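Since the structure comes first, as structure tokens, the remarks are kept for the end.
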Amino acid sequence: MLKNEIHRIYLDKNNNEVTINRFNVTYHYTILEQINDLPQYGYAVLNHLYANPGLEADFERLFLNRDKHLENTEGFENLLFLKPHSTHEHHVIITFWQDEAAYKHWQESQEYKASHKNRGTKQGADKSIVNRNLSFNISLEFKQHNF
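When we follow this note's numbering, the leftmost residue of the sequence shown carries the number 868, and every step to the right adds one.
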């Protein structure tokens, strides 16, 4: 289990399932995509994206068929694309980085620009599929926790 003790956010992976406990509320997900093994610690960005009702499968298809630019990015550790078990919940895209500086470097890179080139266009999921007003992200450090 990975946790951020200060903010009480916990992430647990078991086979193809992930549980996130955020602010004392537990959410359950199925992994749709995983790149690399989950690290034991690191800087994580949890993008909570709300797909408009009835468009969840379209969002999943677009994301899974995207141009992929993360694998060779310096400091990149892991990606998890998570589908919620409950309807009207956020999909979560989690990326793990060696540290915050690696994540910020990626945001300024050509790879980032290439992977987000369709944002705000008809080809991008955020135009009509993802409701940006109901989406948010959380960025924080995680550490390994053994019970």
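Backbone N, C-alpha and C define an ideal beta-carbon position, used for all residues, glycine too.
Source: prediction; values computed, not measured.
| Item | Value |
| --- | --- |
| With a threshold of 8 Å, are at least 3 pairs of Cβ atoms found where one atom belongs to the region 922-933 and the other to the region 948-965? | yes |
| Since Leu-899 contacts Ile-887 with CB under 8 Å, what's their CB separation in whole angstroms? | Between Ile-887 and Leu-899 the Cβ distance is about 15 Å, and since that is not below 8 Å, they are no contact. |
| Starting from His-972, trace the alpha helix (DSSP H) in both directions and tell me its first and last residue. | 967-974 |
| Starting from Gln-907, trace the alpha helix (DSSP H) both ways and give me its first and last residue. | No alpha helix (DSSP H) holds Gln-907; DSSP gives it neither H nor E. |
| Would you tell me roughly how many angstroms separate the C-alpha atoms of Phe-963 and Ile-876, rounded to the nearest one? | 15 Å |
| Hey, His-952 and Tyr-896 are a contact pair by Cβ (cut 8 Å); roughly how many whole angstroms apart? | 7 Å |
| Leaving out five residues before and five after Tyr-917 in sequence, what residues of the same chain have Cβ atoms less than 6 Å from its Cβ? | His-957, Asn-998, Leu-1001 and Ser-1002 |
| Checking the sheet assignment: what are the DSSP bridge partners for Ile-961? | Leu-913 and Leu-947 |
| Can you check which of these residues, Gln-1011, Ser-995 and Glu-1008, is closest to Asn-919 by C-alpha distance? | Ser-995 |
| If you draw a straight line from the C-alpha of Leu-913 to the C-alpha of Ser-1006, how long is it? | 6 Å |
| What is the rounded straight-line gap between the Cα of Leu-905 and the Cα of Glu-944? | 8 Å |
| Would Lys-870 and Phe-1009 qualify as a contact pair, given that the criterion is a beta-carbon distance under 8 Å? | yes |
| From which residue to which residue does the alpha helix (DSSP H) around Glu-872 run? | No alpha helix (DSSP H) contains Glu-872, which DSSP labels as neither H nor E. |
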